[in-house]
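All remarks here apply to the structure that follows.
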Amino acid sequence: MAALIRRIISTARAPAAIGPYSQAVMVDRTVYISGQLGMDPASGQLVEGCVQAQTRQALVNMGEILKAAGCGYKNVVKTTVLLADMNDFTDVNDVYKQSVYRLESQTF
-7 MAALIRRIIS TARAPAAIGP YSQAVMVDRT VYISGQLGMD PASGQLVEGC VQAQTRQALV
53 NMGEILKAAG CGYKNVVKTT VLLADMNDFT DVNDVYKQSV YRLESQTF
């Protein structure tokens, strides 16, 4: 079996990893993105405001990492969303639907 080739994906347009891991890694033609928070890449702080603002920023961060890997939202097969409070589900889901799925519906 041939050795897998891994390429570290990094961009200054998304927050730097806060631990001993990379923003993303590409293995063959698959990109694995580390968990993204609603952090402003310039300040390294969570964006001010409600859960919707943080969700939007997390998705922007994910998009920047996808761009750095040479792909985009249309290439996403699966995401996992972790919530600290299930009461935020509707607000997070509304932003997610308007961002990811709206972008995808325009590409087909």
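Here the sequence shown stands for residues -7 to 100, numbered as in our numbering. Heads up, the beta-carbon is just placed ideally off N, CA and C, and yes, glycines get one too.
*Span of the alpha helix (DSSP H), counted from its first residue to its last, around Ala45*: 43 to 60
*How is Val23 classed by DSSP in three states: helix, strand or coil?*
strand
*Following the continuous alpha helix (DSSP H) through Val87, name the residue where it begins and the one where it ends.*
81 to 88
*Go to Ile1, then tell me how far its beta strand (DSSP E) extends in each direction, as first and last residue.*
-2 to 1
*With a threshold of 16 other CB atoms inside 10 Å of the CB of Leu51, please say whether the residue is buried or exposed.*
buried
*Could you say which of Ile1, Gln44, Met31 lies nearest to Phe81 if we only look at CA atoms?*
Gln44
*asked:* Which same chain residues end up closer than 7 Å to Arg109 when comparing Cβ atoms and leaving out the 5 residues on each side of it in sequence?
replied: The question about residue 109 has no answer, for the chain in this structure spans -7 to 100.
_By the three-class DSSP mapping on this structure, what secondary structure does Thr92 have?_
Looking at the sequence itself, residue 92 is Val, so the reference to Thr does not match. If DSSP states are grouped into helix, strand and coil, Val92 belongs with the helices.
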